[in-house]
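Step one of this worksheet: look at the structure below.
Number of protein chains: 2
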Amino acid sequence: MSVDLAFEGPDDLLPTVAQDAETGEVLMLAYVSPGAVERTRETGRAHYYSRSRDELWEKGATSGNVQRVEEVRVDCDADALLYLVRQEGGACHTGHESCFYRTIDGEEVGERVFDPDEVYG
Amino acid sequence: MSVDLAFEGPDDLLPTVAQDAETGEVLMLAYVSPGAVERTRETGRAHYYSRSRDELWEKGATSGNVQRVEEVRVDCDADALLYLVRQEGGACHTGHESCFYRTIDGEEVGERVFDPDEVYG
Numbered sequence: 007m008s009v010d011l012a013f014e015g016p017d018d019l020l021p022t023v024a025q026d027a028e029t030g031e032v033l034m035l036a037y038v039s040p041g042a043v044e045r046t047r048e049t050g051r052a053h054y055y056s057r058s059r060d061e062l063w064e065k066g067a068t069s070g071n072v073q074r075v076e077e078v079r080v081d082c083d084a085d086a087l088l089y090l091v092r093q094e095g096g097a098c099h100t101g102h103e104s105c106f107y108r109t110i111d112g113e114e115v116g117e118r119v120f121d122p123d124e125v126y127g
Numbered sequence: 007m008s009v010d011l012a013f014e015g016p017d018d019l020l021p022t023v024a025q026d027a028e029t030g031e032v033l034m035l036a037y038v039s040p041g042a043v044e045r046t047r048e049t050g051r052a053h054y055y056s057r058s059r060d061e062l063w064e065k066g067a068t069s070g071n072v073q074r075v076e077e078v079r080v081d082c083d084a085d086a087l088l089y090l091v092r093q094e095g096g097a098c099h100t101g102h103e104s105c106f107y108r109t110i111d112g113e114e115v116g117e118r119v120f121d122p123d124e125v126y127g
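Below you can see the structure in the form of structure tokens.
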């Protein structure tokens, strides 16, 4: 039985956390539409919905830094998701492994694993 | 220098992930207002903003299951936060350690660590 997600319609979005299944590192937070969840489950690769571009996207489609999804979890209220993933390259467009590479004081604590100019340039 | 968070005003909310600083487990996803971030930093205990009750709340104020915040991180766009915490008891009101205790197929994979009837009853 699949959990009934708290989408209020086909255009509604829910926040989704991507976590490295191996290291436990929280890689990013993005949003999913019902269609993005469906594509993720069909392909085994993480899909999200971009609020700025207003479109469904596959993580890594441009950069090659895809996320292979080992498990999708839902929270108690079914209004947030957790993707447990194997991350190719780094998750962040800045070249960092995780988008959460800074403390709130601006100290850089996360590792940079690729050169964004080479990947996106 | 503090990172300039992407709040669009004093009532704006940003999604925040709480992660167990020791085990790496993703515990919950909730929302923060500018005031909630401020209270979190002042007290060292996780504060959030409840969208349903429309109020700032301290995690664990009722249950005792407080979160001591070791570090606050922000993502690349400064529109999501990550609290690295020491969780007292469990994070979820269902008694589970993490709110993400189910797979999307409804399989229970997370551990139950307290009896909610005893804590909230």
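Protein chains in written order, with our numbering: chain A, 7 to 127; chain B, 7 to 127. Even for Gly, the Cβ is constructed at its ideal location relative to N, Cα and C. Note that the coordinates shown come from a computational prediction; the quantities given were computed from them, not determined experimentally.
| Query | Result |
| --- | --- |
| So A:R59 packs on A:H53, CB below 8 Å; how close in whole Å? | About 13 Å separates the two Cβ atoms, so there is no contact after all. |
| Under a CB-based cut-off of 8 Å, is A:D111 close to chain B? | yes |
| Can you name the residues of chain B whose CB is closer than 7 Å to the CB of A:G30? | G30 |
| Going along the chain, which residues of its own chain have a beta-carbon closer than 6 Å to the beta-carbon of A:S56, five neighbours each way excluded? | W63 |
| Buried or exposed for B:Y126, please, with buried defined as at least 16 other CB atoms from any protein chain shown within 10 angstroms of its CB. | exposed |
| So, is the C-beta of B:D81 closer than 8 Å to a C-beta in chain A? | yes |
| For B:G66, which residues in the same chain have their Cβ closer than 7 Å to its Cβ, ignoring the five residues on either side in sequence? | V72, Q73, E94 |
| Give a yes or no on whether the minimum CB-CB distance between B:L88 and chain A is below 8 Å. | yes |
| From this set, A:T29, A:E28, A:P21, A:L35, which residue's C-alpha is nearest B:V80's C-alpha? | A:L35 |
| Leaving aside the five residues before and after A:Q25 along the sequence, list all residues of the same chain whose C-beta is less than 8 Å from its C-beta, in chain order. | E31, V32, L33, L88, Y89, L90, V91 |
| Among B:A84, B:A97, B:E28, whose alpha-carbon lies nearest the alpha-carbon of B:S69? | B:A97 |
| Nearest-angstrom Cα distance between B:L11 and B:D121? | 37 Å |
| For B:V78, which residues from the same chain have a beta carbon less than 8 Å from its beta carbon, with the 5 sequence-adjacent residues on both sides left out? | V43, T46, R47, L87, L88, Y89, L90 |
| On a CA-only basis, which of A:E76, A:C105, A:D85 is nearest A:A51? Give me that one, please. | First, the residue type needs correcting, since residue 51 of chain A is Arg and not Ala in the sequence shown. Minimum Cα distance to A:R51 is reached at A:E76. |
| Does A:V38 pass the burial test, meaning 16 or more other C-beta atoms within 10 Å, or should it be called exposed? | buried |
| With a threshold of 8 Å on Cβ separation, who are the neighbours of B:D119 within its own chain once the five nearest residues in sequence on each side are excluded? | This sequence places Val at residue 119 of chain B; Asp is not what is there. Answer for B:V119: G95, G96, G101, H102, E103, listed in chain order. |
| Look up B:P21 in the DSSP assignment and say whether it is helix, strand or coil. | strand |
| What residues of chain B sit near A:V9, judged by a beta carbon separation below 7 Å? | R108, I110, G112 |
| What does A:S56 pair with, by DSSP beta-bridge criteria? | A:E61 |
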